[in-house]
Structure formats: C-alpha cells, structure tokens
Amino acid sequence: MSLALGKVDKYFCDKGFGFVKPVLMSNESVDSIFFHISVIKNKSFANKLKSDDLEESYYFWFNFRRGPKGFEVTNTIRESDIVNETSDSTELTSKIELYWLDITNSMPDWVKLASTSLGLDVEYLNLQRNIKKEEIKKLKIIEEQNEFKKLSTVPKEEYESLETVCSELRSELRVIKNKLADVTYEYKQAKDKWECALDDPSIFEFELLVKEIEGLDVKLTKSHEVSRYIVDNRLGDKYQNLAGVLEMESDSSQWKFDGGIDPKYYKELCRRLGLSNKNTFSRVRKFVAYKDI
1 MSLALGKVDK YFCDKGFGFV KPVLMSNESV DSIFFHISVI KNKSFANKLK SDDLEESYYF
61 WFNFRRGPKG FEVTNTIRES DIVNETSDST ELTSKIELYW LDITNSMPDW VKLASTSLGL
121 DVEYLNLQRN IKKEEIKKLK IIEEQNEFKK LSTVPKEEYE SLETVCSELR SELRVIKNKL
181 ADVTYEYKQA KDKWECALDD PSIFEFELLV KEIEGLDVKL TKSHEVSRYI VDNRLGDKYQ
241 NLAGVLEMES DSSQWKFDGG IDPKYYKELC RRLGLSNKNT FSRVRKFVAY KDI
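In UniProt numbering, the protein residues as written are 1 to 293.
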C-alpha cells in the first residue's frame, strides 16, 4: 500500500465513484486512480463531491493499492495525521523541497498544503526560495554586464558606469549570501533549542514562565516575587519541573522555601527578567521539583 496526495479529476455523482490524479507520491508513477465515495472520511468534502461541478480544485491524501481492475484508493488520511501514518515521509519531503527550490518554474498550488501536512517550515522554505530568486537575478545581471564589457564598441563612460553597477551587484550578492547563512544558522539554533526542550521539559517551562512574567501588568523586580506569584496562583502543575521547594541554610539555620526555581535556571531567569534578590548569604542545600513531591 502506498501514500499519495491527489487532485479530484472526475466524479460521477449518479454512480458514486470517480478518479483522482496523483500530484505527489513516493514510489509509483500513476496518472489516474479509481476511488469510491465510501472511502472519503471527510463528510463536508463528500457532500461537495455530490453537489459540485468540480470547478474548484480538491486535494486529499490517500493510501492506494493495485486491485484486480487497476489502482484504487483504499482510504483517505487527514492532513494532521500524515506525519504519523507514513513511513516514507523522507522521500516525499525531499520531493517537496525540490519544488520550493526550483525557481525556473511556477510552484504548483498544492505544494504549501503538502508542506504543512508533512510538518515542513513553510516560512523558512519560502524565504530560501526568495533569496535564491534574488541571488540568480543578481548573477544574471552580472553575467550580462560581463558580456557587455567584452564589446569593443562600448564607450569609456558607459563602461565605467557599468563597472560600478556590476561592483554594487556583487556587494549585494555577498549580503544575500550572508543573510542566507544567518537565517540558516538561526533556524538550526531554534531547532536545536526545541529538541533540547523536548528532552528537558524545564527548558520549555522556563521560556513559558519568562513570557508570562513579562506580560504581567505589575512588573516583578525581586526573585522571591516570582516564587510568590507561582505559589499564590497555584502554578505548581504548570511549572512542575522548573519550580518546587528549596531547602535553604544560612550558618546554623535551615528552612524550606516554597515556589523556588531550579538552581540550574535561577541565574538565567534573573538575567532575562532583570530580577534582584534579597542579598542574603543563604545557600541552597537541595531542590525538589513539584512533580517529585
């Protein structure tokens, strides 16, 4: 059984079946695939097929197989379930990325739908496409100018003017390449940070807490005010990995501090929010997260 994204090509309302034209598939090359209305899970889509004259383009994901009479759709798949239900997403993803980077042709209208379904970063791909367009545009102008300079009939003044333009275009091209490198680096940093957050929930909770405190109407300036905010608003479940109970000591005294922040993130939290502490000489003996209490 294979996966594909297709566009409804024909549908016969009185017979309850039609044909879909695959636009993206992993390991087959098929022009048309038979489908029966009973395999369409989306009721809204099924109703449109029954009443519409197909002036609008309809796309859907589906599994298909070779039956006794040819290829046939076995079931449809919701866009939100594609990543979990397919084992050949890598090949499909590679094909879609080629569409984004092929600026010699106009991009099909289904590419964004397929990209979103497979979890690709559409904004990043679109930025790469635009940067590549600009890069090729500048290179083409430079090539034309270089060919023009070879003509012996070019006046000196015009030649010097074109040389200046060519130099400026080279500078712009370097800026574009540097911008692409920066965007690629930022994207990798964000991706690495997100993957770390998946492994350590405290990182995600840390960013969530910073955003929440920054959005308060009343600015918190002391670190203990953040702890009091967590306790007063009963946010132990929300920040169950990041916050908890600190066991403190100072000289011969020991006590517990509710709503404390994991010492691994305490300094960074103070830096991000501009917090100060009470300037005491107390030390942390132990931290127990709310999830472990």
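The C-beta atom is built at its ideal place from N, Cα and C for all residues, glycine as well.
* For Lys7 and Asp109, the rounded distance between their alpha carbons -> 11 Å
* **Contact between the region 223-232 and the region 249-259 (3+ Cβ pairs under 8 Å)** => yes
* Check Leu242 in the structure and name its three-state DSSP category. => coil
* **Counted within 10 angstroms of its Cβ, other Cβ atoms place Phe12 as buried (16 or more) or exposed** => exposed
* **Whole-angstrom distance between Val73 and Arg66, CA atom to CA atom** => 9 Å
* **Residue range of the unbroken beta strand (DSSP E) whose run includes Pro22** => Phe17 to Met25
* Taking contact to mean at least 3 C-beta pairs separated by less than 8 Å, is the region 243-253 in contact with the region 273-288? -> yes
* Under the three-state DSSP convention, the category Ser282 falls into -> coil
* Asn75 lies in the beta strand (DSSP E); which residues open and close that run? -> Gly70 to Ile77
* Alpha carbon to alpha carbon, how far is Lys156 from Ser26? -> 57 Å
* Straight-line Cα distance separating Thr93 from Asp292 -> 41 Å
* **Proximity winner among Asp9, Glu134, Arg272 and Asn42, relative to Leu180 (alpha-carbon distances)** => Glu134
* Enclosing alpha helix (DSSP H) for Tyr266 [first to last residue] -> Pro263 to Leu273
* Asked: The alpha helix (DSSP H) spanning Tyr229 covers which residue range?
  -> Ser223 to Asp232
* Asked: Which one of Leu242, Val226 and Met107 has the shortest CA to CA distance from Lys278?
  -> Val226
* Please determine, among Phe19, Val111 and Ser80, the residue with the shortest C-alpha to C-alpha distance to Gly70. => Phe19
* Asked: By how many angstroms is the C-alpha of Phe62 removed from the C-alpha of Val30?
  -> 14 Å
* **alpha helix (DSSP H) runs contained entirely in the region 82-133, provided each spans 4 or more residues** => 82-85, 89-101 and 111-117
* Asked: What's the C-alpha gap between Gly215 and Ser161?
  -> 54 Å
* Taking contact to mean at least 3 C-beta pairs separated by less than 8 Å, is the region 158-175 in contact with the region 130-148? -> yes
* Own chain, CB closer than 6 Å to Glu79, minus 5 neighbours either side, in chain order -> Ser117
* Asked: What does a CB cutoff of less than 6 Å around Ala114 pick up in its chain, not counting 5 residues either side in sequence?
  -> Leu5, Leu24 and Ile96
* Which one of Asn126, Ser282 and Glu268 has the shortest CA to CA distance from Ser252? -> Ser282
* **Cβ shell of Val122 (< 8 Å), same chain only, five flanking positions each side left out** => Lys112, Ser115 and Thr116
* Pull up the distance between the alpha-carbon of Phe148 and that of Thr164, whole angstroms please. => 13 Å
* Asked: To the nearest angstrom, how far is it from the Cα of Leu120 to the Cα of Ala46?
  -> 28 Å
* **Lys7 - containing beta strand (DSSP E), residue span** => Ser2 to Phe12
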